[in-house]
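Okay, structure first, notes after.
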Amino acid sequence: MSENEEKRPEVGKKLHDARVAKGYTLDDLQQATKIQKRYLIAIEDEKFDELPGDFYVRAFVKQYADTVGLDGEDLLKEYDDDLPKAKTDEYSEHIAQAVETRATSKRKLTKVNDARKYLPTVIAIVIVVIVLAAIWLTAIVRGHRDSSTKIDNSSVKVSGESSKKSSSSSKKKSSSSSKKTSDSIKLKASTRTSSAVTFTGDALTKDTTLTIKTSGQAWNAVTVDNSQRLSKTMIANQTEKINIAKNAQTIVLTLGNASATTVKLGNTTVDLTQNNTYPNTRTVTIKLGNTTQSSSASSTSSSAVTTSTSQSTSSTAGSGTTSGVASTSSTQTSVSSTR
Numbered sequence: 003m004s005e006n007e008e009k010r011p012e013v014g015k016k017l018h019d020a021r022v023a024k025g026y027t028l029d030d031l032q033q034a035t036k037i038q039k040r041y042l043i044a045i046e047d048e049k050f051d052e053l054p055g056d057f058y059v060r061a062f063v064k065q066y067a068d069t070v071g072l073d074g075e076d077l078l079k080e081y082d083d084d085l086p087k088a089k090t091d092e093y094s095e096h097i098a099q100a101v102e103t104r105a106t107s108k109r110k111l112t113k114v115n116d117a118r119k120y121l122p123t124v125i126a127i128v129i130v131v132i133v134l135a136a137i138w139l140t141a142i143v144r145g146h147r148d149s150s151t152k153i154d155n156s157s158v159k160v161s162g163e164s165s166k167k168s169s170s171s172s173k174k175k176s177s178s179s180s181k182k183t184s185d186s187i188k189l190k191a192s193t194r195t196s197s198a199v200t201f202t203g204d205a206l207t208k209d210t211t212l213t214i215k216t217s218g219q220a221w222n223a224v225t226v227d228n229s230q231r232l233s234k235t236m237i238a239n240q241t242e243k244i245n246i247a248k249n250a251q252t253i254v255l256t257l258g259n260a261s262a263t264t265v266k267l268g269n270t271t272v273d274l275t276q277n278n279t280y281p282n283t284r285t286v287t288i289k290l291g292n293t294t295q296s297s298s299a300s301s302t303s304s305s306a307v308t309t310s311t312s313q314s315t316s317s318t319a320g321s322g323t324t325s326g327v328a329s330t331s332s333t334q335t336s337v338s339s340t341r
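The numbering of the sequence shown is our numbering, which starts it at 3 and goes up by one.
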């Protein structure tokens, strides 16, 4: 055996001594280097032919040395002649395979880790989707039921509302008609002259508005029960409103330009132009509550005439009776004298 062959075990022994100095067991070294234990034993015993190939001999020796605190590169240089030399192609191929294997393993491990990492999120998303789907289906079923109920209720509600609307419209029409009736005042022209007119009407049932509107310039005056309420010159398109108390009896309007003036008592328009010989001047008198008074006056007058007639008849009858008695008495006296 040559001198080089006698020195060959020194590589394995040096690595063994370094491992023991570090306190590593073969199991510890296997865990750290990921090199199978049997290959580590073969390296320490320098049974390199038990390794997968010449490339792995040098690679495992270097990794072994680095792990136990030795410089792997220096160790390979020092024992370069004692270690099998791998061919360049074989070395490149092994390196490429090793890199690819490690990359593939890393990718697989990354995919597995990613899958495990996102698994709780995926499960949570699936649960949320299931819950939302259940809520959606429940809402659809309830909505269908509610829509059926609403249709029934709406039909009843519509019929009820139509009844209410018809009743309300009837009430509104009735109230509006009654309001118009109450605001309408019947005025009757009792006397007319060329420049004056007198109207009579029933007493007011409530306070009423007297409205005077001019289409041109006009001087107008209003007196209510001898109290002057207006006296002014009005311009075109001017409106004056005067409140007339419900107990008012006489309204007198003096209009300076009757043809350009409109007068309304409540909703009743007062006729100003009929038989008006002097269209620019007009005196309008409105007597309220005079219809009843006129009837009472006529009744009183008739009663007075009847009483007077009765008294006249009684007087005439009395005179006739007295005259007859006197005549009879005279006749009787004449007869007595003859006798």
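We put the CB at the ideal spot given by N, CA and C, even for glycine.
Computed from a prediction, not measured in an experiment: that's the story for all the values here.
field: beta strand (DSSP E) segment containing residue 201, residue limits
entry: By 1-based counting over the sequence shown, the position of residue 201 is 199. Residues 198-203.
- request: Return yes when the Cβ of residue 270 is within less than 9 Å of the Cβ of residue 186, no when it is not.
  value: The residue you call residue 186 lines up with position 184 of the sequence shown. The residue you call residue 270 lines up with position 268 of the sequence shown. Yes, Cβ-Cβ distance for residue 186 and residue 270 is below 9 Å.
- request: Spell out the partners DSSP gives residue 221 in its beta bridges.
  value: Position 219 of the sequence shown holds residue 221. Looking at the DSSP assignment, residue 221 forms a beta bridge with 235.
- prompt: Assuming residue 256 contacts residue 289 under a Cβ cut-off of 8 Å, what Cβ separation, rounded to an integer in Å, is found between them?
  reply: Locating residue 256 in the sequence shown gives position 254, where the first residue counts as 1. Locating residue 289 in the sequence shown gives position 287, where the first residue counts as 1. Actually they do not touch by this definition, with Cβ atoms about 16 Å apart.
message: So, at 8 Å on beta carbons, what are the nonlocal neighbours of residue 230 in its own chain, with the 5 sequence-adjacent residues on each side left out?
response: Indexing the sequence shown from 1 puts residue 230 at position 228. Once the five neighbours on either side are set aside, the close Cβ partners of residue 230 are 223 and 224.
message: residue 261 and residue 238 - do their beta-carbons sit closer together than 9 Å?
response: By 1-based counting over the sequence shown, the position of residue 238 is 236. By 1-based counting over the sequence shown, the position of residue 261 is 259. Going by C-beta atoms, residue 238 is not nearer than 9 Å to residue 261.
task: May I ask you to list the residues that DSSP assigns as paired with residue 245?
output: Working through the sequence shown from its first residue, we reach residue 245 at position 243. Per DSSP, 211.
query: CB residue 72 to CB residue 16, shorter than 9 Å?
result: Position 70 of the sequence shown, counted from the start, is the residue given in the question as residue 72. Position 14 of the sequence shown, counted from the start, is the residue given in the question as residue 16. Yes, they are a contact pair.
Three-state secondary structure (DSSP) of residue 285: Counting from one through the sequence shown, the residue named residue 285 turns up at place 283. In this structure, residue 285 counts as strand in the three-state DSSP scheme.
message: Contact between the stretch 59-68 and the stretch 32-50 is defined here as three or more beta-carbon pairs at a separation below 8 Å; is this criterion met?
response: yes
Whole-Å CB distance - residue 1 paired with residue 245, under 8 Å assumed: Past the edges of the chain, shown from 3 to 341, lies residue 1, and the structure says nothing about it.
field: C-alpha distance - residue 311 paired with residue 227, whole-angstrom precision
entry: In the sequence shown, counting from the first residue as 1, residue 311 sits at position 309. In the sequence shown, counting from the first residue as 1, residue 227 sits at position 225. In this prediction, residue 311 has a pLDDT of 34, which is less than 50 and means its spatial position is unreliable; nothing more can be read from the coordinates.
- prompt: Can you give the beta carbon distance from residue 79 to residue 56, rounded, assuming they're within the 8 Å contact cut?
  reply: On the sequence shown, residue 79 is found 77 positions in, with the first residue counted as 1. On the sequence shown, residue 56 is found 54 positions in, with the first residue counted as 1. 17 Å between Cβ atoms; not a contact.
message: According to DSSP, is residue 253 part of a helix, a strand, or is it coil?
response: Numbered from its first residue, the sequence shown carries residue 253 at position 251. Note: residue 253 maps to strand in three-state DSSP.
query: Given a threshold of 16 other Cβ atoms within 10 Å of its Cβ, counted over all protein chains shown, does residue 130 qualify as buried or as exposed?
result: Position 128 of the sequence shown holds residue 130. Per the 10 Å Cβ criterion, exposed.
task: Compute every distance between the C-beta of residue 18 and the non-hydrogen atoms of the ligand GTP, then say whether any falls below 8 Å.
output: The ligand content of the structure shown is nil, which means the ligand GTP is not present either.
query: Looking at the structure shown, is residue 49 part of a helix, part of a strand, or coil, going by DSSP?
result: Your numbering for residue 49 matches position 47 in the sequence shown. The answer is coil: DSSP assigns residue 49 none of H, G, I, E or B.
Candidates 36, 69 and 50, of which the one nearest residue 26 by Cα: Here residue 26 is taken as the residue at index 24 of the sequence shown, counted from 1. Checking every option, the nearest Cα to that of residue 26 belongs to 69.
task: State the Cα-Cα distance for the pair residue 136 and residue 149, rounded to the nearest angstrom.
output: Numbered from 1 along the sequence shown, position 134 holds the residue referred to as residue 136. Numbered from 1 along the sequence shown, position 147 holds the residue referred to as residue 149. Spanning the two alpha carbons is a distance of roughly 20 Å.
message: On a Cα-Cα basis, can you pick out the residue from 266, 204, 31 and 49 that is closest to residue 67?
response: Residue 67 sits at position 65 when you count from the first residue of the sequence shown. Selected option, being the one with the closest Cα: 31.
- prompt: If residue 291 and residue 198 are in contact, beta carbons under 8 Å, what's the gap, nearest whole angstrom?
  reply: The residue you call residue 291 lines up with position 289 of the sequence shown. The residue you call residue 198 lines up with position 196 of the sequence shown. The pair is not a contact, with the Cβ atoms about 21 Å apart (cut-off 8 Å).
message: Taking the beta carbon of residue 85 as the centre, do at least 16 other beta carbons fall within 10 Å, making it buried, or is it exposed?
response: Within the sequence shown, residue 85 is the residue found at index 83, counting from 1. Classification for residue 85: buried.
task: Report all residues from its chain with a CB closer than 6 Å to the CB of residue 220; omit the five preceding and five following residues, and keep chain order.
output: Position 218 of the sequence shown holds residue 220. Answer for residue 220: 236, 258, 259, 262 and 263, listed in chain order.
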